[in-house]
Amino acid sequence: MSATTDSLVIAHRNLIRMARIPEMLIFGLIQPIMFVVLFTYVFGGSIQVGSSSSTQAYREFLMAGIFAQTVTFATAGAGAGIADDMHKGLIDRFRSLPMARGAVLTGRTLADLVQTALTLLVLAIVAVLVGWRTHENLGKVLAGFGLLLLLGYAFSWIGALIGLSVRTPEAATSGGLIWLFPLTFISNAFVDANQMPAFLRHIAEWNPFSATVQACRELFGNLPPGFEASDAWPMQHPVWASLIWSVLILLIFRTLAVRKYRSATA
Amino acid sequence: MPGAIYAEGLVKTFGDVRALDGVDLDVPEGTVLGLLGPNGAGKTTAVRCLTTLLRPDRGKAVVAGLDVVKEPDAVRRSIGLSGQFAAVDEYLTGRENLQMVGRLYQMRAGAAKRRAAELLEQFHLTDAADRPAKTYSGGMRRRLDLAAALVVSPPVMFMDEPTTGLDPRNRQQLWEVIKDLVSGGTTLLLTTQYLEEADHLAHDIAVVDHGRVIAQGTSDQLKARTGGERVEVVVHDREHLATAAEVLRGFGKGETTVEEHMRKLTVPVTGGAKLLAEVIRELDTRGIEIDDIGLRRPTLDDVFISLTGHLAETATETGSGTGTDTGTETGTGTDANTGTDANTGTGTGTGTQTGPETTDTTGKETTK
Numbered sequence: 001m002s003a004t005t006d007s008l009v010i011a012h013r014n015l016i017r018m019a020r021i022p023e024m025l026i027f028g029l030i031q032p033i034m035f036v037v038l039f040t041y042v043f044g045g046s047i048q049v050g051s052s053s054s055t056q057a058y059r060e061f062l063m064a065g066i067f068a069q070t071v072t073f074a075t076a077g078a079g080a081g082i083a084d085d086m087h088k089g090l091i092d093r094f095r096s097l098p099m100a101r102g103a104v105l106t107g108r109t110l111a112d113l114v115q116t117a118l119t120l121l122v123l124a125i126v127a128v129l130v131g132w133r134t135h136e137n138l139g140k141v142l143a144g145f146g147l148l149l150l151l152g153y154a155f156s157w158i159g160a161l162i163g164l165s166v167r168t169p170e171a172a173t174s175g176g177l178i179w180l181f182p183l184t185f186i187s188n189a190f191v192d193a194n195q196m197p198a199f200l201r202h203i204a205e206w207n208p209f210s211a212t213v214q215a216c217r218e219l220f221g222n223l224p225p226g227f228e229a230s231d232a233w234p235m236q237h238p239v240w241a242s243l244i245w246s247v248l249i250l251l252i253f254r255t256l257a258v259r260k261y262r263s264a265t266a
Numbered sequence: 267m268p269g270a271i272y273a274e275g276l277v278k279t280f281g282d283v284r285a286l287d288g289v290d291l292d293v294p295e296g297t298v299l300g301l302l303g304p305n306g307a308g309k310t311t312a313v314r315c316l317t318t319l320l321r322p323d324r325g326k327a328v329v330a331g332l333d334v335v336k337e338p339d340a341v342r343r344s345i346g347l348s349g350q351f352a353a354v355d356e357y358l359t360g361r362e363n364l365q366m367v368g369r370l371y372q373m374r375a376g377a378a379k380r381r382a383a384e385l386l387e388q389f390h391l392t393d394a395a396d397r398p399a400k401t402y403s404g405g406m407r408r409r410l411d412l413a414a415a416l417v418v419s420p421p422v423m424f425m426d427e428p429t430t431g432l433d434p435r436n437r438q439q440l441w442e443v444i445k446d447l448v449s450g451g452t453t454l455l456l457t458t459q460y461l462e463e464a465d466h467l468a469h470d471i472a473v474v475d476h477g478r479v480i481a482q483g484t485s486d487q488l489k490a491r492t493g494g495e496r497v498e499v500v501v502h503d504r505e506h507l508a509t510a511a512e513v514l515r516g517f518g519k520g521e522t523t524v525e526e527h528m529r530k531l532t533v534p535v536t537g538g539a540k541l542l543a544e545v546i547r548e549l550d551t552r553g554i555e556i557d558d559i560g561l562r563r564p565t566l567d568d569v570f571i572s573l574t575g576h577l578a579e580t581a582t583e584t585g586s587g588t589g590t591d592t593g594t595e596t597g598t599g600t601d602a603n604t605g606t607d608a609n610t611g612t613g614t615g616t617g618t619q620t621g622p623e624t625t626d627t628t629g630k631e632t633t634k
C-alpha cells in the first residue's frame, strides 16, 4: 500500500518538475516530428514496402516505427533524471525517510510514462496532419498505443539501471541513446525487413522493438498492400511477442534497478 | 540505560580508508552532542551510519531504542536528517517540498498540508512558500531543509554541518532555530567544523579525528583539560623575552610558549586575577616593559590543537599555513590522545593566535 502511495508521490514530484522545465518536453518532441517530416517527404517516395512504392503506403507503414522509436527514447529521460537525483543531496533525504525502497525509481518511470503518452499524443496529431490514417476500429488502435506505452515503460527501466550505473546525467543521456539507434534501425521500423540481407533480417525479426512495430501495424491497419510477414514467430504473432518482450524487459530491468538502488551507497 | 543515540565500536571502511575506526557515542535523551572535527575526520560517515544511509562494517548503533542495522525502517520513522547540502528539490516550491516529505513519512495528504503550512510559518518562509526553491537564498534553503527534517517532529535529529557556507547573520538565525528546537526536548547530534558552533549549541562535545572520538566532555571540561586559564604577555622589547619567560615559568602550570617575532609569551596558570597581578608586579620589578597582558580561557581551538596536534581546518583559513605545520611538528598532541594530564598537550600550535600578518613562525620555540 505504502509502496503505491510513495511511488505516486514521487511521480507527482517529477511531473511538477517536468511542468516547470517544459523545454525537456519540447525537445523530446522535436526529434520525432523531424523524423516524421523527413521520412515522409524525403524518403517517402523511394522506399518500397510490400509490393507498393506509393507515398501514402509508406507514410502509413512508417508511423508505427516512429511511434515505437519515440517511446524508447524515454530511456534517456529516465536515466538522466535518476542519475541527477542520485548525485544530489535529495537522495539522502529520500533514503532516510520511511518510504518504500523502489518508490524513487517507480515514481520516476511513471512520470516518464505520462510524458511519453503526451509526446505520443502530439506526434499522432502531427502524423494525421501529414496524412497518416488508421483502418481498424478504435479499440484496436488504442490497443496499439497501449503496446507502445508498455514498451516505453519497460525501456524506462533500462534507463533507470543506466542512470544508477553512471556518474553524471550527461553520461546517462548518451548511455541511454547510443544503443537505441542500432536497435531501432536494425528493425522493421523504417524499412521492410524482408528486403534486408538474411543475417540482418533475422536480427530484425527477433528484435523486441520490431514485434511492437509489427503489432501496431496490424492493429492500426497499416500493413502495406502485398506485404507478407515472414515466418519468424514474432512476426506471425506480433501482439503476443510484443507483450512478452515488454513484460520480460520490465521484470528483468526493474529487479536489477531496484537492487542497484538499494546497494548504491550502502 | 543507553541514550537516545548510542554507538559502540562503529567501524566503516571504504577501500583502504578507515573512515570510522571504532566510534563510541552516547547521547542522553534531550541533549545535544556536537561532533567536532576537521574535514575527513569521519563525522559525516558517522551520521550516515546512524541515519541508516550506510551500513557499518562492525559495531552497534541504537537510535531511539532501535537497532540501526536490524530495524532501519523503524529508525527512519523516528529521525530527522538535515544534511550538509540542502536536500530540497529546487524545482518544487517550499510548500510542495514539505508536503512531499510529509507524504513520504506516511502522513495523509491533509495532515501533510497542514504541517507544511505550520513549518513554513515557523521558519519564516510563508512569503516564499509558493516559489520554487531554486529562487531561495542559501539561508532560506537551509531553513527549508531543516523544516523538512522536522515534518514529523522526530524525537531524534541529526544535522550534518547545518551552517557550513552560511554568512554570519544566517548562521546566527539558524542557531536560534536549533536552540528553540532543542528546548522542546529533541535529542540532537550535530556535526560541525566550527568550534564556536559546538561551543554555542552543544551540551557535550565529542572531538573526532581519523575516525575516532579522541575526547569527549562539556565545553568547560575540554577546556579545563587543556590547562585552565592562560596568561598572555606581549613584551615591548624583544631582548626581554628570555627574562619574561623565566618569570612566567615561575608562575606557570605547564609549558611556556614563546612567539618571538610577536614578542608574545603564553603560559597556563591557575590562580586567576590575583595571580595576574603578581605576574605584573614581578615583571615590573625586573624592569620588563609590557605592551599587553591578559588572562584568557582556552578556546576550543586550543583544545583541538592540544588533542590532535593540528588546527581544525576552518581555523587554518584565518591562520597562516606555516602556523599549522609548526603545530604539528612540535605536536605533543599524540600524548594528549592517550593521557589525561591536562598539561601535556599545551604549547603546541601557537598559530591560533597568529593573525594573517604572521608569516614567519620559525622564530617560535617552546621552552620548558
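Protein sequences, first through last, are from chains A and B.
Numbering follows this note's numbering, in which position 69 of the first sequence is assigned residue number 69; successive positions increment by one, without gaps.
In this note's numbering, each residue's number is its place in the second sequence (first place is 1) plus 266.
Quick reminder that beta carbons are idealized off the backbone N, C-alpha and C, glycines included.
Interface flag, A:R20 vs chain B, CB-CB below 8 angstroms: If you number the first sequence from 1, residue 20 of chain A lands on position 20. Chain B contact via Cβ: present.
For B:I345, the first and last residue of its enclosing beta strand (DSSP E): Working through the second sequence from its first residue, we reach residue 345 of chain B at position 79. Unbroken beta strand (DSSP E) run through B:I345: 345-348.
Run of the alpha helix (DSSP H) containing B:R504, from where it starts to where it stops: The residue given as residue 504 of chain B occupies position 238 in the second sequence. Note, B:R504: premise wrong, no alpha helix (DSSP H); not H, not E.
Residues bridged to B:R284 (per DSSP): As a working mapping, residue 284 of chain B is identified with position 18 in the second sequence. For B:R284, which the question treats as bridged, DSSP gives the partners B:T279.
Candidates A:P225, A:Q31, A:W233, A:G221, of which the one nearest A:G139 by Cα: Walking along the first sequence from the start, residue 139 of chain A turns up at place 139. Nearest option by C-alpha distance: A:G221.
Range covered by the beta strand (DSSP E) that runs through A:F190: Counting from one through the first sequence, the residue named residue 190 of chain A turns up at place 190. Looking at the DSSP string, A:F190 is not in any beta strand (DSSP E), and its letter there is neither H nor E.
Any chain A beta carbon closer than 8 angstroms to B:F351: For the purposes of this step, residue 351 of chain B is taken as residue 85 along the second sequence, with counting starting at 1. B:F351 counts as touching chain A.
C-alpha gap between B:K278 and B:Y371, whole angstroms: As a first step, residue 278 of chain B must be located in the second sequence, where it is residue number 12. As a first step, residue 371 of chain B must be located in the second sequence, where it is residue number 105. About 28 angstroms.
is_contact[A:D92, chain B] using C-beta, thresh 8 angstroms: Taking the first residue of the first sequence as 1, we reach residue 92 of chain A at position 92. For A:D92, the answer is yes, since a Cβ of chain B falls inside 8 angstroms of its Cβ.
Of the residues B:E462, B:G275, B:Y272, the one placed nearest B:D567, counting alpha carbons only: As a position in the second sequence, residue 567 of chain B is number 301, starting the count at 1. Checked all of B:E462, B:G275, B:Y272; the closest Cα to B:D567 is B:E462.
Of the residues A:V128, A:D192, A:T255, A:V239, the one placed nearest A:P208, counting alpha carbons only: Reading the first sequence from its first residue, position 208 is the one you call residue 208 of chain A. Answer by Cα proximity: A:V239.
Length at least 4, wholly inside the segment 150-178 of chain A: the alpha helix (DSSP H) runs in chain order: 169-177
Below-8 angstroms beta-carbon distance, A:M99 vs any chain B residue: Stepping through the first sequence from its first residue, residue 99 of chain A is reached at position 99. Yes, A:M99 counts as interfacial toward chain B.
Proximal chain B residues relative to A:D6, where beta-carbon distance stays under 7 angstroms: Translated into positions along the first sequence, residue 6 of chain A becomes position 6. What A:D6 touches in chain B: L370.
Of the residues B:Y272, B:G269, B:V289, B:G281, the one placed nearest B:G636, counting alpha carbons only: Residue 636 of chain B cannot be examined here, being either before or after the span of chain B that is shown, 267 to 634.
Where A:I30 falls, given that 16 or more other Cβ within 10 Å makes a residue buried: Numbered from its first residue, the first sequence carries residue 30 of chain A at position 30. That one is exposed.
Three-pair Cβ contact test at 8 angstroms for the segment 89-99 of chain A versus the segment 188-196 of chain A: no
Close-in-space but distant-in-sequence residues of the same chain around B:N609 (CB under 7 angstroms, 5 per side omitted): Taking the second sequence and counting its residues from 1, the one referred to as residue 609 of chain B is at position 343. Per-residue confidence for B:N609 stands at a pLDDT of 37, beneath the threshold of 50, marking its modelled position as unreliable; the derived number appears in the next sentence. So the list reads G493, K519, G520, P534, once near-sequence residues are dropped.
Cβ-based burial, B:V545 [other Cβ within 10 Å; buried from 16]: Here residue 545 of chain B corresponds to residue number 279 of the second sequence, with the count starting at 1. Buried.
Chain A residues whose Cβ lies nearer than 8 angstroms to that of B:Y357: To locate residue 357 of chain B, count along the second sequence from 1; it is residue 91. Going along chain A in sequence order, the residues near B:Y357 (Cβ under 8 angstroms) are I16, R17, R20, I21.
Beta bridge counterpart(s) of B:P534 as assigned by DSSP: Along the second sequence, read from residue 1 onward, the residue named residue 534 of chain B stands at position 268. B:P534 is bridged to B:R496.
Residue span of the beta strand (DSSP E) that contains B:T523, given as start and end: For the purposes of this step, residue 523 of chain B is identified with residue 257 of the second sequence, where counting begins at 1. Start and end: 522-525.
Residue interval of the beta strand (DSSP E) (run including B:Q372): As a first step, residue 372 of chain B must be located in the second sequence, where it is residue number 106. Unbroken run through B:Q372: none, as it is neither H nor E.
Secondary structure of B:Q482, DSSP reduced to three states: Start at 1 with the first residue of the second sequence, and residue 482 of chain B comes out as number 216. Strand.
Unbroken stretches of the alpha helix (DSSP H), 4 residues or longer, contained in the segment 454-480 of chain B: 461-467
6 angstroms CB neighbourhood of B:Y272 in its chain, flanking five on each side removed: The sequence position of residue 272 of chain B within the second sequence is 6, counting from 1. D292, V328, listed in sequence order.
Backbone secondary structure at B:T359 - three-state DSSP: Taking the second sequence and counting its residues from 1, the one referred to as residue 359 of chain B is at position 93. Strand at B:T359.
Exposure of B:T282, with buried meaning 16 or more beta-carbon neighbours within 10 Å: As a working note, residue 282 of chain B is residue 16 in the second sequence. In the sequence on display, residue 282 of chain B carries Asp and not Thr. The residue is exposed, with fewer than 16 neighbouring Cβ atoms inside 10 Å.
Which of helix, strand or coil DSSP assigns to B:E274: Sequence index remark: in the second sequence, residue 274 of chain B carries index 8 (1-based). Correct three-state label for B:E274: strand.
Between the CA atoms of B:E525 and B:D591 - distance to the nearest angstrom: Counting from 1 along the second sequence, the entry for residue 591 of chain B is found at position 325. Counting from 1 along the second sequence, the entry for residue 525 of chain B is found at position 259. For B:D591, the predicted structure reports a pLDDT of 32, less than 50, and the residue's modelled location is therefore unreliable. A value from the coordinates is still provided. So the alpha carbons of these two residues sit roughly 15 angstroms apart.
Per-residue contacts from A:S187 into chain B (C-beta, under 7 angstroms): For the purposes of this step, residue 187 of chain A is identified with residue 187 of the first sequence, where counting begins at 1. Within 7 angstroms Cβ-Cβ: nothing; A:S187 doesn't reach chain B, min ~36 angstroms.
Own chain, CB closer than 8 angstroms to B:R397, minus 5 neighbours either side, in chain order: Residue numbering aside, residue 397 of chain B sits at position 131 when the second sequence is read from its first letter. For B:R397, where only same-chain residues beyond five positions count, the Cβ hits under 8 angstroms are T359, G360.
DSSP state of A:F253 mapped onto helix, strand, coil: Numbered from 1 along the first sequence, position 253 holds the residue referred to as residue 253 of chain A. Residue state, collapsed to three classes: helix.
Endpoints, alpha helix (DSSP H) assigned at B:K309: Mapped onto the second sequence, residue 309 of chain B falls at position 43. Counting along the chain, the alpha helix (DSSP H) containing B:K309 begins and ends at 309-316.
Test: A:G89 CB closer than 8 angstroms to a CB of chain B: Start at 1 with the first residue of the first sequence, and residue 89 of chain A comes out as number 89. By this cut-off, A:G89 is an interface position.
Contact check, A:L120 vs A:V49, beta carbons under 8 angstroms: Here residue 120 of chain A corresponds to residue number 120 of the first sequence, with the count starting at 1. Here residue 49 of chain A corresponds to residue number 49 of the first sequence, with the count starting at 1. No; because the gap between Cβ atoms is not below 8 angstroms, this pair is not in contact.
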